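Asks: According to the UniProt record's numbering, the stretch in the sequence shown is residues 1 to 265, in order. C-beta atoms are modelled at their ideal positions from N, C-alpha and C, and glycine is treated no differently. This one's a predicted model, so the numbers in the text were calculated from it and none came from an experiment.
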Amino acid sequence: MSAPAFTDVGLPTQPAVVYLHGVGGGRHGWAAQQAHVAALGWRSLAWDMPGYGDSAMVTPYDFAHLAQALWQMLDAAHIDQAVLVGHSMGAMVALQAWTQKPERIRGLLLAASSPAFGNSDGDFQKQFLAQRLAPLEAGKTMADIADKLIPTMAAPGGDAAQTIPDHLKSAHQSMSAVPPNTYRAALHALVQFEQRAALPTLTVPVLCLAAEHDRTAPPTVMERMAQKIPGARYACLAGAGHLLHYEQPEAFNAELEKFLKDVKP
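1. By a C-beta neighbour count over all protein chains shown, 10 Å radius and 16 as the cutoff for buried, is F259 buried or exposed?
2. Out of curiosity, what's the CA-to-CA distance linking A161 and A171?
3. Beta-carbon within less than 6 Å of A251's beta-carbon, same chain only, minus the 5 sequence neighbours each way: which residues are those?
4. Contact defined as beta carbons within less than 8 Å: I believe L95 pairs with A186. What is the distance between those atoms, to the nearest angstrom?
5. How would you call residue 295, buried or exposed, if buried means at least 16 neighbouring beta carbons within 10 angstroms?
6. Using a Cβ-Cβ cut-off of 6 Å (strictly less than) and excluding sequence neighbours within five positions of D262, which residues of its own chain qualify?
7. Who are the Cβ neighbours of A143 in its own chain at under 6 Å, not counting the five residues just before and after it?
8. Report yes if the CB atom of E223 is closer than 9 Å to the CB atom of Y234, and no otherwise.
9. Take S55 as the anchor and find which of M73, I145 and A39 has the nearest alpha-carbon.
10. Is the number of C-beta pairs between the stretch 211-220 and the stretch 149-156 that are closer than 8 Å three or more?
11. May I ask which residues mark the beginning and end of the beta strand (DSSP E) holding L40?
12. May I have a chain-ordered list of the beta strand (DSSP E) segments no shorter than 3 residues that lie completely inside the stretch 68-114?
13. Considering just the uninterrupted stretch of the beta strand (DSSP E) at F252, what are its terminal residues?
14. Does the stretch 84-98 come close enough to the stretch 123-130 that 3 or more CB-CB pairs lie under 8 Å?
15. Nearest-angstrom Cα distance between S2 and P230?
16. So, helix, strand or coil for A232, using DSSP?
17. Please state whether DSSP places T7 in a helix, a strand or coil.
Structure below.
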């Protein structure tokens with residue numbers, strides 16, 4: 001199978017950062033972060049997760065296969081080792097990747113995520129899936145879903161007359177472009193995620209980055225996650241919601257820059 005599509009910024013001789021987006025994301029959502037680390041002397045790759053953008057689907061669509069696709073991409077780019085920066089589901093892919101090939105990971109920035117999907121009692125998962133998939137079942141498009149979902153995921157506030165504020169237009173475009181079948185597959189994979197046991201095994205620099213108004217991955221969840229990882233640092237972006245790197249790109253980049261100093265060779 002071909003490696004996932006990615007945007008590659010920088011030189012092959014530079015240390016690498018890899019950006020992994022969430023369920024409603026895509027590689028173009030990391031443009032501000034790619035530009036920022038390029039100025040710091042890092043090469044960076046932002047992928048379209050399998051099934052997104054120009055990347056082929058994987059079957060079965062689960063975290064083990066998503067992480068394998070990540071290695072395929074790194075092999076295609078001739079990268080032996082990288083810092084992984086994951087947002088939401090992307091951070092889950094990063095944790096899964098650690099369980100497969102820890103020697104290829106130099107650091108992990110886990111943003112707005114959690115080490116497991118809620119309680120694995122089944123009912124909670126079914127309820128979440130039914131709620132998220134209901135608009136598709138009712139014949140809505142991904143753009144319709146983005147119209148409703150994007151504003152609720154960001155921090156409260158903004159101009160009520162303007163449904164999607166300018167700083168969230170990129171997030172809206174990404175979500176609108178997700179193929180419905182990929183969205184379904186990603187959500188079904190998401191509810192199966194469980195990597196709490198991996199946390200104490202992490203031996204690289206880790207930053208757990210939360211957002212003050214994130215209702216999807218609340219700061220308390222991220223703080224608890226950081227406490228279970230040896231030597232991990234926890235930070236929280238004030239005034240941001242779940243879409244923190246879209247909402248507060250400068251603050252996100254400042255935390256990223258600080259973190260990269262911890263892993264600089």
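Replies: Put simply:
1. Here residue 259 corresponds to residue number 259 of the sequence shown, with the count starting at 1. It is buried - the Cβ of F259 has at least 16 other Cβ atoms within 10 Å.
2. Looking up residue 161 in the sequence shown gives position 161. Looking up residue 171 in the sequence shown gives position 171. Because A161 sits at a pLDDT of 46, beneath the cut-off of 50, its placement in the model cannot be relied upon, and the following sentence gives the value as read from the coordinates. Cα-Cα distance, rounded: 18 Å.
3. Taking the first residue of the sequence shown as position 1, residue 251 is located at position 251. Hits under 6 Å: L237.
4. Taking the first residue of the sequence shown as position 1, residue 95 is located at position 95. Taking the first residue of the sequence shown as position 1, residue 186 is located at position 186. Contact between L95 and A186 is absent: CB atoms are separated by about 16 Å, not below the 8 Å threshold.
5. There is simply no residue 295 to check, as the chain begins at 1 and stops at 265 in what is shown.
6. Counted from its first residue, the sequence shown places residue 262 at position 262. Close CB contacts of D262 within its chain, under the 6 Å cut and outside five residues either way in sequence, are with P205 (chain order).
7. Along the sequence shown, one-based indexing puts residue 143 at 143. Contacts found: S176.
8. What you label residue 223 is simply residue 223 of the sequence shown in a count that begins at 1. What you label residue 234 is simply residue 234 of the sequence shown in a count that begins at 1. Going by C-beta atoms, E223 is nearer than 9 Å to Y234.
9. Counting from one through the sequence shown, the residue named residue 55 turns up at place 55. Of the candidates M73, I145 and A39, the one whose C-alpha sits nearest the C-alpha of S55 is M73.
10. They touch, by the three-pair rule.
11. Counting from 1 along the sequence shown, the entry for residue 40 is found at position 40. Membership of L40 in any beta strand (DSSP E) is not indicated, and neither H nor E is assigned to it by DSSP.
12. Whole beta strand (DSSP E) segments, 3+ residues: 82-87 and 105-111.
13. Counting from 1 along the sequence shown, the entry for residue 252 is found at position 252. Element bounds for F252: not the beta strand (DSSP E) but the alpha helix (DSSP H), P249 to V263.
14. Proximity of the stretch 123-130 to the stretch 84-98 falls short of the contact definition, fewer than three beta-carbon pairs being nearer than 8 Å.
15. Reading the sequence shown from its first residue, position 2 is the one you call residue 2. Reading the sequence shown from its first residue, position 230 is the one you call residue 230. When rounded, the separation of the alpha-carbon atoms in S2 and P230 is 36 Å.
16. Position 232 of the sequence shown, counted from the first residue, corresponds to residue 232. Here A232 sits in coil by DSSP.
17. Your numbering for residue 7 matches position 7 in the sequence shown. Residue state, collapsed to three classes: strand.
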